[in-house]
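Here the structure is laid out as structure tokens; the discussion comes afterwards.
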Amino acid sequence: MTLRTCLTVILAAGEGTRMKSSLPKVLHPIAGLPIVGHVAKAVQGAGGSDIALVVGRGAEKVEASVRSLVGNITVHEQVERLGTGHAVLAAESAIAAGYDDIIVVFGDTPLIETSALDLAREKLAGGSDIVVMGFRPDNPHGYGRLIEQDGRLIAIREEKDVNEAEKKIGFCNGGLMALRGEHALALLRMIKNENAKGEYYLTDVVEIANSQGKSVIAIEISADNVIGINTRLELAEAETIWQNRKRRQMMLAGVSMQAPETVFFSHDTLIEPDVTLEPNIVFGPGVSIATGAVIHAFSHIEGAKVGANANIGPFARLRPGADLAAKAKVGNFVEVKNARIGQGAKLNHLSYIGDATIGADANIGAGTITCNYDGYNKYHTEIGTNTFIGSNSSLVAPISIGDNAYVASGSVITENVPADALAFGRARQEIKEGRAVQLRARYAALKLSKKAE
Ligand code: UD1
Ligand code: CA
5 MTLRTCLTVI LAAGEGTRMK SSLPKVLHPI AGLPIVGHVA KAVQGAGGSD IALVVGRGAE
65 KVEASVRSLV GNITVHEQVE RLGTGHAVLA AESAIAAGYD DIIVVFGDTP LIETSALDLA
125 REKLAGGSDI VVMGFRPDNP HGYGRLIEQD GRLIAIREEK DVNEAEKKIG FCNGGLMALR
185 GEHALALLRM IKNENAKGEY YLTDVVEIAN SQGKSVIAIE ISADNVIGIN TRLELAEAET
245 IWQNRKRRQM MLAGVSMQAP ETVFFSHDTL IEPDVTLEPN IVFGPGVSIA TGAVIHAFSH
305 IEGAKVGANA NIGPFARLRP GADLAAKAKV GNFVEVKNAR IGQGAKLNHL SYIGDATIGA
365 DANIGAGTIT CNYDGYNKYH TEIGTNTFIG SNSSLVAPIS IGDNAYVASG SVITENVPAD
425 ALAFGRARQE IKEGRAVQLR ARYAALKLSK KAE
């Protein structure tokens, strides 16, 4: 990779009114990560570790969100929105610090790929002064048209300023640009607002650079890369594209899926090869799944670690802090939260296991509940290795059940159970021989006397 220094200017001063949301536009999530977080991630992948974020008035939330994701950022407020050229110059102090490469990206284009930015930086390293990332939309209306001559980009004409011939050009500006740092500031400062909209267009820097004899080129990147989000409809469309990319990557990396279109990943989902995912699975953030595991249909998994060859679902819910060792089994209608499940332990049906540690090879019967909450505090349940918990038992935490212990079904366990002990936590059953016959006779007599009245 290149040793050139790089600053990325992320433009995010837009108001985002069409989202109809109290949340700033660029903070709406795709695969659980804010739109602008996707941009920052792609930029970092391309070696653009220094970021200048341009925000509008009162964008503390945007600033905090980006700061939490990337280290080296400066934030610049663009008080008045006077165009993309004006927005880039809001970050003048950062650009002036001196970088080999300056990349300008929009904060609302979450599907930008590192490879597109890499390509642009390669071109700068190869001697170009400005590289514009172009694409061919189905309908070019509304985009700046790229006007080329002999392989050089001589101008970008905005929709409102094009003539009839230029209108027909299908190669359009994706909005992203890379500039050689050495000349960037001088060129950007020459942008004027003499156009149909009275705005400072970043795109004018192309003609300015040409007039100075600089080398300007356009590279073509796929249309996906430059999709901008303006509405919740576009947000959902971008989510679909993101999910399809991720599914493809996962399958090519060795993950089996019968119905990939029904499996939803988070931005950070980690799955090893030879994992099988049945249909209809949702991954929230913070999940890793080790090799050989099978996740059956209709499972919801977030903040969980699943060990090798574990077997999950159908209809399982793994919540944050679920940590399953190899070969653990979590069956249907089982919820696990903040609990470590030992190797080979089985929780086959209808359980809630929260704030617990379960030893290896334990067998947790159907309907077992860890009663971890008394309305004020949460308490821990410790279950030893090779224990057997009978069906429909309530384990009232804090509680500890020793290794190899056996809990009778239907128990309410309120005191610790030592290792190797049998705990019988319910009233003993009584048998009254013949009593059922007597009962029926009495009811029959009652019925007769009622009729006689
Ligand atoms: C821009 C390009 C156009 C390109 C299109 C691709 C210019 C002049 N035009 O047009 O050639 O085809 O993107 O989508 O660059 N922003 C600010 N401050 C401002 C103005 C904009 O931060 O004062 C930010 C916006 O939040 C947005 C981005 O810059 O993220 C693009 O602005 P927008 O007004 O959407 O540009 P377009 O008119 O779509
Ligand atoms: Ca736009």
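The numbering used here applies: residue 5 is where the sequence shown begins, and numbers increase by one. We put the beta carbon where it would ideally sit given N, CA and C, even for glycine.
Selection from Leu191, Glu84, Ile134 and Leu150 that minimises the alpha carbon distance to Val166
Leu150
Rounded to the nearest angstrom, what separates Lys24 and Thr88 at their Cα positions?
23 angstroms
Which residues share a DSSP beta bridge with Lys382?
Tyr377
Quick check: what's the CA-CA separation for Thr391 versus Gly379?
28 angstroms
When every heavy atom of ligand 1 is checked, does at least one fall within less than 6 angstroms of the C-beta of Asp105?
no
CB-CB length for Gly307 against Ala332, believed under 8 angstroms:
The Cβ separation is near 16 angstroms, so there is no contact.
Write down the C-beta distance between Ala17 and Arg71 rounded to the nearest angstrom, noting that I regard them as a contact closer than 8 angstroms.
With a Cβ gap of about 17 angstroms, Ala17 and Arg71 do not count as contacting.
Over the uninterrupted beta strand (DSSP E) stretch that includes Thr12, give me the two end residues.
Cys10 to Ala16
Under the criterion of a Cβ to heavy atom distance below 6 angstroms, does Gly102 qualify as lining ligand 1?
no
Under 8 angstroms by Cβ, that's how I've got Val43 and Val13 pegged, so tell me the actual separation to the nearest angstrom.
At roughly 11 angstroms, the Cβ-Cβ gap does not stay under 8 angstroms, so Val43 and Val13 are not in contact.
Hey, Glu276 and Thr295 are a contact pair by Cβ (cut 8 angstroms); roughly how many whole angstroms apart?
4 angstroms
I'd like to check one pair, Val298 with Leu322: are the Cβ atoms closer than 7 angstroms?
no
Between the C-alpha atoms of Thr9 and Ile77, what's the straight-line distance to the nearest angstrom?
14 angstroms
Following the continuous alpha helix (DSSP H) through Gly49, name the residue where it begins and the one where it ends.
Ile39 to Gly49
Looking at the secondary structure, which residues open and close the alpha helix (DSSP H) in which Thr244 lies?
Arg236 to Leu256
Using the Cβ count rule (16 or more neighbours within 10 Å means buried), how would you classify Ala370?
buried
Any non-hydrogen atom of ligand 1 closer than 6 angstroms to Asn177 Cβ:
yes
Taking 6 angstroms as the cut-off, is the beta-carbon of Leu206 closer than that to any non-hydrogen atom of ligand 1?
yes
Check whether the Cβ of Phe139 lies closer than 6 angstroms to any heavy atom of ligand 1, and answer yes or no.
no
Assigned secondary structure, Ala332 (DSSP; H/G/I helix, E/B strand, else coil)
coil
Thr21 (DSSP reduced to helix, strand or coil):
helix
Assuming contact is defined by CB atoms lying nearer than 7 angstroms, are Ala412 and Gly388 in contact in what I supplied?
no
Which residues in the same chain have their Cβ closer than 6 angstroms to the Cβ of Phe428, if we skip the five residues on either side of it in sequence?
Ala412
Any chance the CB of Arg149 is under 6 angstroms from a heavy atom of ligand 1?
no
What do you reckon, is the C-beta of Ala159 under 6 angstroms from a heavy atom of ligand 1?
no
Would Val92 and Val108 be called neighbours here (beta carbons separated by less than 7 angstroms)?
yes
Mapping the DSSP letters down to three states, classify Gln442 as helix, strand or coil.
helix
Taking 6 angstroms as the cut-off, is the beta-carbon of Arg344 closer than that to any non-hydrogen atom of ligand 4?
The model depicted lacks ligand 4 and carries ligand 1 and ligand 2 instead.
Comparing C-alpha positions only, which one of Tyr204, Asn229 and Lys127 sits nearest to Leu183?
Lys127
Tell me, which residues are paired with Gln153 by DSSP?
Arg156
Where DSSP assigns a beta bridge to Val108, which residues make up the other side?
Val13 and Met181
Beta carbon of Ala120 nearer than 7 angstroms to that of Asn229
yes
Reducing DSSP to helix, strand and coil, say where Asp424 ends up.
coil
If you draw a straight line from the alpha carbon of Asp407 to that of Gly290, how long is it in whole angstroms?
31 angstroms
Cβ separation of Ala35 and Ala98, assumed to be a contact under 8 angstroms, to the nearest whole Å:
Not a contact, Cβ separation roughly 29 angstroms.
For Leu57, which residues does DSSP report across the bridge?
Ile14 and Val79
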